[in-house]
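Line by line, the protein sequences give chains A and B. Letter 107 of the first sequence, counting from 1, is numbered 109 in our numbering, and no numbers are missing. Letter 160 of the second sequence, counting from 1, is numbered 188 in our numbering, and no numbers are missing. Worksheet for the structure shown next.
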Amino acid sequence: MSAKVSNFQETPSQTAGPYVHIGLMPTHAGNAGSYDGEIGVSPFVDGVKGEIIEIRGAVIDGQGMTLRDAVIESWQADADGRYPGETGADPCVTGHCRFAADPASGEFCLRTVKPGIVADRAGVTQAPHISLWIVARGINQGLSTRIYFEDEDNGSDFLLGRIENKNRCGTLIAKKTGEASYRFEIKLQGPDETVFLDI
Amino acid sequence: MGKAMIDSGRLIPRNGAVHPVRRDMEYKTSVLRSPDFPLLSLESTKTEETGPVFGHTSLGPLDNDLILNWSKGLASAIGERILLHGRVIDENGRSVPKALIEIWQANAGGRYRHVEDTYFAPLDDNFGGCGRTLTDAEGRYQFMTIKPGAYPWPNRGNDWRPAHIHFSIFGHSFGQRLITQMYFEGDPLIDRCPIAATIKDRSQLERLVAPLDFLAARPLDFLAYRFDIVLRGRRQTMFENKTEGL
Ligand SMILES: [Fe+2]
Numbered sequence: 003m004s005a006k007v008s009n010f011q012e013t014p015s016q017t018a019g020p021y022v023h024i025g026l027m028p029t030h031a032g033n034a035g036s037y038d039g040e041i042g043v044s045p046f047v048d049g050v051k052g053e054i055i056e057i058r059g060a061v062i063d064g065q066g067m068t069l070r071d072a073v074i075e076s077w078q079a080d081a082d083g084r085y086p087g088e089t090g091a092d093p094c095v096t097g098h099c100r101f102a103a104d105p106a107s108g109e110f111c112l113r114t115v116k117p118g119i120v121a122d123r124a125g126v127t128q129a130p131h132i133s134l135w136i137v138a139r140g141i142n143q144g145l146s147t148r149i150y151f152e153d154e155d156n157g158s159d160f161l162l163g164r165i166e167n168k169n170r171c172g173t174l175i176a177k178k179t180g181e182a183s184y185r186f187e188i189k190l191q192g193p194d195e196t197v198f199l200d201i
Numbered sequence: 029m030g031k032a033m034i035d036s037g038r039l040i041p042r043n044g045a046v047h048p049v050r051r052d053m054e055y056k057t058s059v060l061r062s063p064d065f066p067l068l069s070l071e072s073t074k075t076e077e078t079g080p081v082f083g084h085t086s087l088g089p090l091d092n093d094l095i096l097n098w099s100k101g102l103a104s105a106i107g108e109r110i111l112l113h114g115r116v117i118d119e120n121g122r123s124v125p126k127a128l129i130e131i132w133q134a135n136a137g138g139r140y141r142h143v144e145d146t147y148f149a150p151l152d153d154n155f156g157g158c159g160r161t162l163t164d165a166e167g168r169y170q171f172m173t174i175k176p177g178a179y180p181w182p183n184r185g186n187d188w189r190p191a192h193i194h195f196s197i198f199g200h201s202f203g204q205r206l207i208t209q210m211y212f213e214g215d216p217l218i219d220r221c222p223i224a225a226t227i228k229d230r231s232q233l234e235r236l237v238a239p240l241d242f243l244a245a246r247p248l249d250f251l252a253y254r255f256d257i258v259l260r261g262r263r264q265t266m267f268e269n270k271t272e273g274l
């Protein structure tokens, strides 16, 4: 017996389903013109400071098939590690992008500005990274993960340091494939399963 | 879109018990698309605690009217006219103003306007099936739309989705991101749906079933349904500001 703490619980999630593009990326669903301006088309606008990069990849299921219906959202800091809204943040960085797997190949491409080192609370620093949120048919609750970069110093990153099995850290690190281009594969299952975050 | 709103405090950790199981043999696609390993649980960082702000400027006047937006106001979509409304709050019980709500749905016959939907129920020339709006200062939102039809889908031998509307909610921080589905009170297909059944706690599933809100219906025009949404909140105690170690 006790008094009740009054609280509110988060609304339960449900899968985004295969037609999520209608709502989030209508042009991708074949419905261009649904809106005057879609949300998350690019995470930056002209005049942005920093290096423009392309990250290509795919979301891969437990049998090695690419998800052709996946939609990913990204959120990131600017080239100096400041999030939009913070003092001194680059006004040309919106930080948020939506991109979808190609309906034929399952490949995605995120074109963005490379983020900088993020200074967090209490002297904690985070290596340059992009946060991802992945939804698709069969994913009952959106999956969170992060992209780090092979050509950055990730040694003192707070989050990577918390991965107990160090062999799994590599699943969060994009491989450099060329000048300003990277590859990042998201594996939902298997021995190389990507580290997903409850954060 | 522009400045992020930085609410203070760490995000309240997610409570897995309110959410669906990630893998459910009865929802077959989930079997190969759900992680095998446990997720890495961590306190939120600035990355999860910040997010984009969506300004009214980017939304059009018909964006929250699915009856009229596809035809640009020229003709009405076919179906049972409904007002869909509610409030967005967080786990602290605070209103969430300027939350971006995006919805998508099938038409009255159960057909989606999507290149991949091949169900033979016909498209409605005057129905696109998406809408979006921002919550007001009290966290309230509303849409005009038509009640979607049930539709069959390949899973078990004869599975049908109950009438439902997909909801995407973007609060103030990326860590609050949520997609869900809203069902309609009294629909007998809810209890037969393997996607609804991925939520194992019956009382949690019931939170997704919108009641008829008869007082909000307009005579000789539309019925109304009410759907309230709760996003993750912030831990807010006076001890939160201390220097935090790892
Ligand atoms: Fe659906």
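Every residue gets a Cβ at the ideal spot worked out from N, C-alpha and C, and that includes glycine.
Listing by chain order, which chain B residues have their CB less than 9 Å from the CB of residue i?
{"i": "Ala81 (chain A)", "result": "Ordered by position in chain B, no residue passes the 9 Å Cβ test against Ala81 (chain A), which lies about 16 Å from the chain."}
Could you tell me the alpha carbon to alpha carbon distance between residue i and residue j, rounded to whole angstroms?
{"i": "Asp152 (chain B)", "j": "Ala105 (chain B)", "result": "7 Å"}
{"i": "Leu248 (chain B)", "j": "Pro89 (chain B)", "result": "24 Å"}
{"i": "Ile110 (chain B)", "j": "Ala224 (chain B)", "result": "22 Å"}
{"i": "Pro216 (chain B)", "j": "His192 (chain B)", "result": "12 Å"}
{"i": "Val258 (chain B)", "j": "Phe10 (chain A)", "result": "7 Å"}
{"i": "Ile34 (chain B)", "j": "Phe250 (chain B)", "result": "Only weak support is given to the placement of Ile34 (chain B): the predicted model assigns it a pLDDT of 41, under 50, and the question is left unresolved by the model."}
{"i": "Ala106 (chain A)", "j": "Arg263 (chain B)", "result": "44 Å"}
{"i": "Arg235 (chain B)", "j": "Asp229 (chain B)", "result": "10 Å"}
{"i": "Trp181 (chain B)", "j": "Ile117 (chain B)", "result": "33 Å"}
{"i": "Val197 (chain A)", "j": "Leu243 (chain B)", "result": "48 Å"}
{"i": "Glu109 (chain A)", "j": "Asp241 (chain B)", "result": "44 Å"}
{"i": "Ile55 (chain A)", "j": "Thr96 (chain A)", "result": "16 Å"}
{"i": "Leu87 (chain B)", "j": "Val43 (chain A)", "result": "14 Å"}
{"i": "Ile149 (chain A)", "j": "Ala45 (chain B)", "result": "28 Å"}
{"i": "Ala91 (chain A)", "j": "Asn167 (chain A)", "result": "35 Å"}
{"i": "Ala127 (chain B)", "j": "Gly114 (chain B)", "result": "12 Å"}
{"i": "Arg160 (chain B)", "j": "Asp91 (chain B)", "result": "5 Å"}
{"i": "Pro41 (chain B)", "j": "Glu71 (chain B)", "result": "7 Å"}
{"i": "Ile119 (chain A)", "j": "Gly163 (chain A)", "result": "15 Å"}
{"i": "Pro297 (chain B)", "j": "His142 (chain B)", "result": "Only positions 29 to 274 of chain B appear in the structure, and residue 297 (chain B) is not among them; the question remains open."}
{"i": "Glu152 (chain A)", "j": "Thr179 (chain A)", "result": "10 Å"}
{"i": "Tyr253 (chain B)", "j": "Arg246 (chain B)", "result": "12 Å"}
{"i": "Gln232 (chain B)", "j": "Thr226 (chain B)", "result": "11 Å"}
{"i": "Thr68 (chain A)", "j": "Thr89 (chain A)", "result": "40 Å"}
{"i": "Gly121 (chain B)", "j": "Gly39 (chain A)", "result": "32 Å"}
Thinking C-beta only, is residue j closer than 8 Å to residue i?
{"i": "Glu12 (chain A)", "j": "Asn43 (chain B)", "result": "yes"}
{"i": "Pro176 (chain B)", "j": "Ala134 (chain B)", "result": "yes"}
{"i": "Val115 (chain A)", "j": "Glu53 (chain A)", "result": "yes"}
{"i": "Arg260 (chain B)", "j": "Glu119 (chain B)", "result": "yes"}
{"i": "Asp63 (chain A)", "j": "Leu190 (chain A)", "result": "yes"}
{"i": "His47 (chain B)", "j": "Ser76 (chain A)", "result": "no"}
{"i": "Val73 (chain A)", "j": "Met27 (chain A)", "result": "yes"}
{"i": "Ile129 (chain B)", "j": "Ile174 (chain B)", "result": "no"}
{"i": "Leu67 (chain B)", "j": "Leu199 (chain A)", "result": "yes"}
{"i": "Ser36 (chain A)", "j": "Gly156 (chain B)", "result": "yes"}
{"i": "Glu144 (chain B)", "j": "Pro20 (chain A)", "result": "yes"}
{"i": "Ala121 (chain A)", "j": "Gly83 (chain A)", "result": "yes"}
{"i": "Ala79 (chain A)", "j": "Pro117 (chain A)", "result": "yes"}
{"i": "Phe171 (chain B)", "j": "Ile131 (chain B)", "result": "yes"}
{"i": "Cys94 (chain A)", "j": "Arg58 (chain A)", "result": "no"}
Pick out whichever of the options has its Cα sitting closest to the Cα of residue i.
{"i": "Lys100 (chain B)", "options": "B:Leu233, B:His113, B:Cys158, B:Tyr147", "result": "B:Cys158"}
{"i": "Phe148 (chain B)", "options": "B:Asn154, B:Gly137, B:Phe155, B:Gly156", "result": "B:Gly137"}
{"i": "Phe65 (chain B)", "options": "A:Arg84, A:Lys178, A:Ile165, A:Gly180", "result": "A:Ile165"}
{"i": "Pro222 (chain B)", "options": "B:Pro41, B:Asp52, B:Ser36", "result": "B:Asp52"}
{"i": "Gly79 (chain B)", "options": "B:Gln170, B:Ser62, B:Leu70, B:Gly199", "result": "B:Gly199"}
{"i": "Cys171 (chain A)", "options": "A:Asp194, A:Glu181, A:Lys178", "result": "A:Asp194"}
{"i": "Tyr179 (chain B)", "options": "B:Asp91, B:Arg139, B:Ser62", "result": "B:Arg139"}
{"i": "Ala103 (chain B)", "options": "B:Asn154, B:Lys74, B:Leu233, B:Arg220", "result": "B:Asn154"}
{"i": "Pro239 (chain B)", "options": "B:Tyr169, B:Ser123, B:Asp256", "result": "B:Asp256"}
{"i": "Thr127 (chain A)", "options": "B:Ser36, B:Thr75, B:Ser69, B:Asp164", "result": "B:Thr75"}
{"i": "Asp164 (chain B)", "options": "B:Trp188, B:Val124, B:Ser201, B:Gly203", "result": "B:Val124"}
{"i": "Gly125 (chain A)", "options": "B:Ser69, B:Arg220, B:Thr73", "result": "B:Thr73"}
{"i": "Asp219 (chain B)", "options": "B:Gly107, B:Val81, B:Val237, B:Glu77", "result": "B:Val237"}
{"i": "Ala176 (chain A)", "options": "A:Val22, A:His131, A:Thr17", "result": "A:His131"}
{"i": "Tyr169 (chain B)", "options": "B:Thr146, B:Asn183, B:Trp188, B:Phe195", "result": "B:Phe195"}
{"i": "His98 (chain A)", "options": "A:Gly66, A:Ala129, A:Asn169, A:Ile41", "result": "A:Ile41"}
Cβ closer than 9 Å: which chain A residues qualify as neighbours of residue i?
{"i": "Gly83 (chain B)", "result": "The contacting residues do not exist; Gly83 (chain B) stays about 11 Å from chain A at best."}
{"i": "Arg235 (chain B)", "result": "Gln11, Thr13, Pro14"}
Report the neighbours of residue i on chain A: residues whose CB is nearer than 7 Å to its CB, in chain order.
{"i": "Leu80 (chain B)", "result": "Reading the sequence as shown, one finds Pro at residue 80 (chain B) and not Leu. What Pro80 (chain B) touches in chain A: Pro86, Thr96, Gly97, His98."}
Residue i versus chain B: which residues are under 7 Å apart at the beta carbon?
{"i": "Arg164 (chain A)", "result": "Leu68, Leu70"}
{"i": "Ser36 (chain A)", "result": "Gly156, Cys158"}
Which residues in chain B sit within 8 Å of residue i, going by Cβ to Cβ distance?
{"i": "Arg113 (chain A)", "result": "Within 8 Å Cβ-Cβ: nothing; Arg113 (chain A) doesn't reach chain B, min ~17 Å."}
Can at least three beta-carbon pairs, one atom from the region 91-98 of chain B and one from the region 91-110 of chain A, be found at a separation below 8 Å? By the criterion of at least three beta-carbon pairs nearer than 8 Å, the region 91-98 of chain B is not in contact with the region 91-110 of chain A.
Are at least three pairs of beta-carbons, each pair with one atom in the region 156-165 of chain A and one in the region 178-191 of chain A, less than 8 Å apart? In short, these stretches do not touch, since the Cβ pair count stays below three.
Would you say the region 57-74 of chain B touches the region 134-153 of chain A, given that touching needs at least three Cβ pairs under 8 Å? By the Cβ criterion, the region 57-74 of chain B is in contact with the region 134-153 of chain A, since at least three pairs of Cβ atoms, one from each stretch, lie closer than 8 Å.
Mind the definition here: the region 201-214 of chain B touches the region 36-52 of chain A only if three or more C-beta pairs lie below 8 Å; say whether that holds. No, the region 201-214 of chain B does not touch the region 36-52 of chain A.
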